[in-house]
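Following this note's numbering, the numbering of the sequence shown begins with 16 at its first residue and continues without gaps. From the three backbone atoms N, C-alpha and C, an ideal C-beta is built for every residue, glycine too. Remember, it's a predicted structure, so these values are computed and weren't measured experimentally. To start, the structure itself, in structure tokens.
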Amino acid sequence: MFIFFFNHIKFDDSSYQIGTGIYDITGPAAETGMMGYAMPGQITGGLHFRLRARAFVFVDSNGNRAVYVSTDSCMIFQAVKIKVIQDLQAIFGENVYSHENVLLSGTHTHSGPGGYSMYALYGITTLGFYEDNFNTIVDGIVQAIVRAHKSVAPARMLAQQGELLESNINRSPTAYQNNPEEEKALYDYDVDKNMTVIRIEDLNGNPVAAMSFFAVHCTSMNNTNHLISGDNKGYASYMWEKYQNGNSTLPGQGPFIASFGQSNEGDVSPNTKGAFCPDGTPCVDSSSTCNGKNEGCKAIGPGKNGDMFESTQIIGTNQFKKALELFENASIPVQGPIQYRHSWVQMTNISVQAPFNNGVEGATTCRAAMGYSFAAGTTDGPGAFDFTQGDNSTSGNIFWNFISKFIAVPTEDQKQCQSPKPILIDVGLTKPYPWTPDVLPVQIITIGQIVLVAVPGEFTTMSGRRLRNTVREVIGQSIQDPIVLVAGLANTYSGYIATYEEYETQRYEGASTIFGPHTLGGYQQEFAKLAQSIVDGTEVDPGTFPRNLTGHTLFFLPPVIFDEAPSGDDFGKIYTDAQESYSVGSQASVVFYGANPRNNFMIESSFLTVDQYVNNQWVTVLNDGDWDTKFIWKMHNLAQSLITIEWNIDPSTQPGTYRITHTGYAKKDPISKDLTQYLGVSRTFTVTN
């Protein structure tokens, strides 16, 4: 890549060309392990609302460009970023988009299908690498960027920051409390309450798009959910796009797009009521247990009786309303050139120097390893194998001690390097390849005074603060009043990044800090180098490109053999029809004989519609991207599928005549790969006030 030196280049500080694009990345809605909670039984069984990639292309007055993409995915895996760049360069050539100037981030929804990592640890509960889902995510990101590229037009940006309350809590407060007292005293809360919004408008001041950043896990939907969902951030995007584009606009089709990007959410939960035992008493703080067991300790969201759908709405609505307020009052002009730096870093053997080594001489990062508390899970989603958080014991669980030795036996050097973490799985020593990536990307993109720090994992609250402070201190030498933002779960995923002090407590976040106690220090050191390079106008060492695992993956989920209808060819036939009439506020429901939704993901389309009869024609008013509908798949009689479509009729729904349809694709012949499209239509029914 060319590195541009800005000291002697003249440019219009506030002149940008900006394009936006949105595209569907919804994967298999049946039989596929969900990514996030690592629960083997949590497999997709339908769709609540669709997942999207939202892309922003920025070009400054000198033609330098950068891309930010927020995806409704659990995280961005290394193979996804690599393939996206390959595809973009096949379309635009090698000198337009690259690893250096493209930033991909995940919102961290835990309700999307998995199987899109080529590294083994992240494919265990998804039965390996699901190429069709991988391609869906890659293609959707690429198409969103292509749309943004084609829509580039003169625009300007304004930023605003504000405090959002009652929307996040720290789920590991005892670990946070282990941080230095003088450091904690600098902050009002044990999580970041600050939201940053970037308003994008045309030269006449008309809204074009919005980018927001706020740290909170997308775990409002808990690990009992089986419906694909963008969780609270996906709902916030849906709400804002509906608001701006008009309520009659179908999801993903309006010109205005709004991203709710992830940040340093590592220890941050949306389940604001806290964690409780089944009897209603609080869990034990230090270990998040009930009667010595972790399984019963579960966090509860703000929804009535902990209802996860209502909790998702509340936390999503809070983010939307605050972002809209900041958007409408945005007053900080974004000015300055676009710059970027990127390097591939071998994270297993960084020599961490002062001031980032916590006063430890000879501090280094380690080969990757998972601790016992990793298996305990979190209060957002407890594990199931009798582990507890905060476990520094080396005795551990006898069964898992036995099993882990068959995976890889830690060396004494590894045990010492990772101490005080008791090693459950030595993922960096597994053969023939490590189970997690060891060469990771570090990246900074500056768009004027907006500084996007792309981190390949989940930084805790205090880790993110330290990283922002490190970058701000360095880059502030050349950028006045920089707004430094952590873009989380970006470009690659490598678990958590806890502070040195949080690591000592070995709760879930510390146990999942895979490169040892000096992981954060290593990242601070590497990002400081990138920031200094921007200040100095120099190049950085690109590092060594990571290994290619293409062709070295396995997948154990059998394909759809064939679909069967009750009378041979009755796909789309009604199993249970709608009622003749419904009142607003009630739920309409239809059950169809259908087919396995893995046959066709219906990208940029829909498994369902809610149609209203208007002026002698049917008009689609809702589809499966809408919040008020649910598409539920259930296997019936081995090869048959029952498809339930639910419509929660909003009180604002216009009275009239309606119908519900279902579209799918059936694989009728076990020998052939051919698919047959089918359509099911309910009876007509009325909706009344």
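Status (buried if at least 16 other CB within 10 Å, exposed otherwise) for residue i
i, result
"glutamine 632", "exposed"
"lysine 446", "exposed"
"methionine 650", "exposed"
"aspartate 556", "exposed"
"histidine 567", "exposed"
"arginine 186", "buried"
"histidine 23", "With a pLDDT of only 36 at histidine 23, under the threshold of 50, the placement of this residue in the model should not be trusted; the figure read from the coordinates follows. Histidine 23 is exposed by the Cβ-count criterion."
"isoleucine 58", "buried"
"glutamine 692", "exposed"
"glycine 307", "exposed"
"phenylalanine 571", "exposed"
"glycine 525", "buried"
"serine 687", "exposed"
"asparagine 309", "buried"
"glycine 261", "exposed"
"lysine 257", "buried"
"proline 55", "exposed"
"alanine 745", "Since the first residue of the chain shown is 16 and the last is 704, residue 745 is not available in this structure."
Check whether residue i and residue j have beta carbons under 8 Å apart
i, j, result
"histidine 114", "isoleucine 100", "yes"
"tyrosine 541", "valine 605", "A quick correction: the sequence has glutamate, not tyrosine, at residue 541. No, these two residues do not count as a Cβ contact at 8 Å."
"glycine 472", "arginine 382", "no"
"cysteine 312", "threonine 394", "yes"
"glycine 695", "phenylalanine 607", "yes"
"glycine 276", "alanine 81", "no"
"isoleucine 549", "arginine 356", "yes"
"histidine 232", "serine 284", "yes"
"valine 212", "serine 227", "yes"
"alanine 224", "isoleucine 160", "no"
"isoleucine 215", "isoleucine 33", "yes"
"glycine 281", "aspartate 87", "no"
"aspartate 639", "leucine 62", "yes"
"isoleucine 459", "alanine 546", "yes"
"asparagine 663", "aspartate 684", "no"
"threonine 485", "tyrosine 511", "no"
"proline 581", "glutamine 93", "no"
"glycine 531", "cysteine 432", "yes"
7 Å CB neighbourhood of residue i in its chain, flanking five on each side removed
i, result
"threonine 757", "Because residue 757 is not part of the residues shown, which for the chain are 16 to 704, the question remains open."
"serine 346", "Leu173 and Gln175"
"valine 157", "Val99, Asp102 and Leu103"
"proline 666", "Val599 and Gly600"
"phenylalanine 17", "Its pLDDT being 36, under 50, phenylalanine 17 is placed unreliably by the model, and nothing is read from it."
"asparagine 279", "Asp207, Ala230, Phe474, Thr475, Thr476, Ser478, Gly479, Val501 and Gly503"
"methionine 254", "Gly331, Thr332 and Phe335"
"methionine 323", "Ser235, Met236, Asn237, Asn240 and Gly316"
"serine 303", "Ala290, Asn309, Cys312, Thr394 and Gln404"
"proline 348", "Ser29 and Leu173"
"leucine 706", "There is no way to answer for residue 706, as the model of the chain reaches only from 16 to 704."
Sheet register partners of residue i (DSSP bridge)
i, result
"proline 348", "Leu173"
"cysteine 298", "The partner list for cysteine 298 (beta bridge, DSSP) is empty, contrary to what the question assumes."
"aspartate 282", "DSSP lists no partner for aspartate 282."
"threonine 624", "Asn638 and Thr676"
"valine 466", "Thr461 and Val499"
"threonine 659", "Val606 and Ile647"
Close Cβ partners of residue i (< 6 Å) along its chain, the five nearest in sequence each way excluded
i, result
"tyrosine 628", "Thr672"
"proline 612", "Ala44, Ala45 and Trp648"
"phenylalanine 414", "Bear in mind that the predicted position of phenylalanine 414 carries a pLDDT of just 46, short of 50, making it unreliable; the figure below should be weighed with that in mind. Closer than 6 Å at the Cβ level, and outside the excluded window around phenylalanine 414, lies no residue."
"lysine 682", "Val575, Phe577, Asp578, Asn614 and Leu690"
"threonine 409", "For threonine 409, the predicted structure reports a pLDDT of 47, less than 50, and the residue's modelled location is therefore unreliable. A value from the coordinates is still provided. Contacts found: Pro437."
"glycine 396", "Tyr52 and Asn238"
"lysine 337", "Leu179 and Met210"
"valine 636", "Val625 and Gln627"
"arginine 698", "Asp592 and Ala593"
Cutoff 8 Å; reference residue i; Cβ partners in own chain excluding five residues on either side
i, result
"phenylalanine 700", "Ala593, Gln594, Glu595, Ser596, Tyr597, Ala603, Thr672, Tyr673 and Arg674"
"proline 670", "Val599, Thr701, Val702, Thr703 and Asn704"
"tyrosine 145", "Gly42, Pro43, Thr47, Pro128, Gly129, Gly130, Tyr131, Phe570 and Leu572"
"alanine 170", "Tyr31, Gln32, Ile33, Ile215, Glu216, Asp217, Leu218 and Val223"
Three CB pairs or more closer than 8 Å across the region 233-243 and the region 313-327:
yes
Three-pair Cβ contact test at 8 Å for the region 364-375 versus the region 534-548:
yes
Just checking, does the region 28-42 make contact with the region 60-69 on the three C-beta pairs under 8 Å criterion?
yes
Is it a yes or a no for the region 183-198 touching the region 504-523, going by three-plus beta-carbon pairs under 8 Å?
yes
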